[in-house]
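**Q** Dropping the structure in here first, questions after.
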Amino acid sequence: MTTYNAPYRNLRFQSLPEQVDRPRSVAIAADQLPANLQSPRPADRDHPRPSGSLPTRVATVVGGLALTAFALSCYLAWAGLTSSAVVGCDGGTFDCGHVLTSHWSKVLGVPVGVPACALYLTILASLIVNRSSRPTWQDGSFYALMFMSIAAALAAAWFLTLQVLTIGKLCPYCLAAHACGILIATLMIWQSRKIHARLWQAAALSALAVTGLVTAQLLTPKADAFEIQTYPPAPAGVSGPAPADNSSPAPAEELFEAPNVLFDSAAPRHTFDLWDDQVATTLALVVASRFTMMGVLVDPQTVANDSGADRSPDASSTTDASSTTDASTSAANQAKATTSRLVPVLGGQRKLDASRWPVWGNVQAKYMVVEMFDYTCSHCRNTHAALRDASNQLGGDLAVVTLPVPLSKACNDAAQNNSPERAEACEIARVAIAVWLIDRSKFTTMHDWLFQQQRSAHDARTYAAGLVGIDEFNAEMAKPNAALYIARHVALYKEAGAGTVPKIFFPSTTVVGEVTSGKTIAQLVRQNIGG
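In structure tokens, the structure reads:
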């Protein structure tokens, strides 16, 4: 019994160390295996190594943001390429039209919305690839997403800075697209917080790409944002003064009639059908808007307080030296002018008798063009400054037949919308025309003053009453005469295709859009009129 059990007992005790040591030897062997074959440690199970595959929730959010930004960018690209108005963004601080027509709205001549569309479309494609089961594709698409999302955020920061500090206007559609880009970048950086090498590489490449975009915009010369429309050449000799006896008047179908509200019986009268559909509609709008503004009459005390301060020696900003000179010399000649002068527009299809329309400058000037504008339009304000510069370059030999066309549905049924910025456009235009109807020699001064900066209707009425006399001004504003002129301006505006202002009409061409260079206008005058 003892002999049998002793070997068994010894065998049992000898085998125990082998059973205890075996796991230790296996563990050591496992540590020596390649890293990709080792079993995950408990800490790795709780915090797995980051993968190139985005979690489903993150991918869904990124996809939604990218799709939104893609749609917004494509819409803005379309608006930029076609010069179309952006819906619901047309005045005040939020003015997409102003932003999309600025120098910074393009890169290498292409609207920035075009590369933005391509960027967000590539993000969407990379998200689809990232859902693949192949690790190589996941890693590559993740890296592409990092690069493009950071680039979108950096570009957004650049364009936001431009809108706030340089352009001075904001585009809500642009802001929404930029916000999407910044959110996508934030999510991607958060997701890649453990992949420092990838993050910094992507950030460096993105910064390099956006630096290229910024450099291209900074180095691109600022160009005038205007379009030149060409018509068949106008008949020769119609741009100069007509014979004193008006022996060769323009055919009735060509002459664009002025309202018959000012001229005495000795002067040849032109008539037009007041109840032409376009004129009647516009006049109805003007009169209706007039009765909603009961403050059209100016209080004498207001004129004494406001206008007197405006015209003090210290208030040099009211009217500069060139305006005063124009008023005392060339505009005085205009008041004496009685000779008809036909100015052709739209390729000679229409002609305006300059003696019967408001004229800025000297009506006897060698060169005369026609301009449509809105006193509340910043592009028109810049173009007026260029016209004044062009007049100086031409030796003061440039005059402009001025046709205010308010871009407000209150008096212009062809206006695209009712922007808050244009709320007083109709009233300001009436004030300017009323000044011309009362005293032609004061119109140039009034016109220049209105374009010095943004003016309110109240300020315009007060200044006008100080120029021509409060009683005369109130009497004229109580009449429909100025409204009749606006109606005719709108009718011609429709014939010219409506749309963008300012418009500068030459005999056979029309310049549509803002012109900021006086040299450019002077060249256009010489090319289109001669001399």
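Residue numbers (this note's numbering): 1 to 531.
Just so it is clear, CB atoms sit at the ideal spot from N, CA and C, and this is done for glycine as well.
Just the Cα atoms here: how many angstroms apart are D459 and L187?
**A** Cα to Cα, the separation comes out at about 52 angstroms.
**Q** I'd like to know if the region 401-419 and the region 488-499 are in contact, where contact means that at least 3 CB-CB pairs between them fall below 8 angstroms.
**A** Touching, per the Cβ criterion.
**Q** Count the other C-beta atoms from every protein chain shown that fall within 10 angstroms of the C-beta of Q535, then say buried if there are 16 or more, exposed otherwise.
**A** Lying outside 1 to 531, the shown extent of the chain, residue 535 is not represented and no answer is given.
**Q** W459 by DSSP, collapsed to three states: which one?
**A** One point to set straight first is that residue 459 is Asp, not Trp, in the sequence displayed. Looking at D459 - three-state DSSP - the assignment turns out to be helix.
**Q** Can you tell me whether V370 is helix, strand or coil according to DSSP?
**A** Three-state DSSP puts V370 in a strand.
**Q** Write down every uninterrupted run of the alpha helix (DSSP H) in the region 73-103 whose length is 4 residues or greater and which is fully enclosed by it, in chain order.
**A** Correct list: 96-100.
**Q** Using only alpha-carbon positions, find the residue among A365, R381 and H379 that is nearest to V400.
**A** Nearest of A365, R381 and H379 to V400, Cα basis: A365.
**Q** In the DSSP assignment, find the unbroken alpha helix (DSSP H) run with G431 in it and report its ends.
**A** The question names Gly, yet the displayed sequence has Val at residue 431. Looking at the DSSP string, the run of the alpha helix (DSSP H) that includes V431 is A425 to I438.
**Q** Please go through the same chain and pick out, in chain order, the residues whose beta-carbon is closer than 6 angstroms to the beta-carbon of V511, but skip the five residues on each side of it.
**A** Excluding sequence neighbours, V511 sits near F226, I228 and I504.
**Q** Could you compute how far the alpha carbon of L352 sits from the alpha carbon of Y493?
**A** Looking at the two C-alpha atoms, the distance is approximately 13 angstroms.
**Q** Buried or exposed: which applies to R134, given that a residue is buried once 16 or more other Cβ atoms fall within 10 Å of its Cβ?
**A** Classification for R134: exposed.
**Q** Excluding the five sequence neighbours on either side, which residues of its own chain have a C-beta within less than 7 angstroms of the C-beta of S102, listed in chain order?
**A** I167, listed in sequence order.
**Q** Identify the residues that DSSP records as bridge partners of Q229: which are they?
**A** Answer is T510, bridged to Q229.
**Q** Are the region 515-526 and the region 381-393 in contact at 8 angstroms, needing three or more beta carbon pairs?
**A** The answer is yes - the region 381-393 touches the region 515-526, with three or more Cβ pairs under 8 angstroms.
**Q** Among G63, A177 and C174, whose alpha-carbon lies nearest the alpha-carbon of T122?
**A** Nearest of G63, A177 and C174 to T122, Cα basis: G63.
**Q** Using alpha carbons as the reference points, say which of R430, H178 and Y120 lies closest to A475.
**A** Taking only the C-alpha atoms, the option nearest A475 is R430.
**Q** R488 lies in the alpha helix (DSSP H); which residues open and close that run?
**A** Run containing R488: N481 to E495, per the alpha helix (DSSP H) assignment.
**Q** Ignoring anything shorter than 4 residues, give me the alpha helix (DSSP H) runs that lie fully in the region 145-228, in order along the chain.
**A** As far as the region 145-228 is concerned, its whole alpha helix (DSSP H) runs of at least 4 residues are 172-191 and 196-219.
**Q** Using a threshold of 8 angstroms, state whether the C-beta atoms of V525 and L398 are closer than that.
**A** Contact flag set, yes.
**Q** Can you name, in chain order, every residue of its own chain whose Cβ lies under 7 angstroms from the Cβ of V58, other than the five neighbours on each side?
**A** L187 and Q191, listed in sequence order.
**Q** With respect to the alpha helix (DSSP H) encompassing K519, which residues constitute its N-terminal and C-terminal limits?
**A** That run of the alpha helix (DSSP H) goes G518 to I529.
**Q** Contact between the region 440-457 and the region 480-493 is defined here as three or more beta-carbon pairs at a separation below 8 angstroms; is this criterion met?
**A** No, the region 440-457 is not in contact with the region 480-493.
**Q** Going by the beta-carbon positions, is the gap between V110 and C174 smaller than 8 angstroms?
**A** Their beta carbons are not under 8 angstroms apart, which means V110 does not touch C174 by this criterion.
**Q** Would you report the Cα separation of A527 and N362, rounded to the nearest angstrom?
**A** The question names Ala, yet the displayed sequence has Gln at residue 527. Those two C-alpha atoms are separated by around 21 angstroms.
**Q** To the nearest angstrom, how far is the alpha carbon of T444 from that of R381?
**A** Going from the Cα of T444 to the Cα of R381 covers about 14 angstroms.
**Q** Compare the Cα-Cα distances from Q115 to each of F94, A152 and S456 and report the closest residue.
**A** The sequence shown places Pro at residue 115, not Gln. That would be A152, whose Cα lies nearest to the Cα of P115.
**Q** Whose C-alpha, out of F142, M446 and S517, is nearest the C-alpha of Q393?
**A** Nearest option by C-alpha distance: S517.
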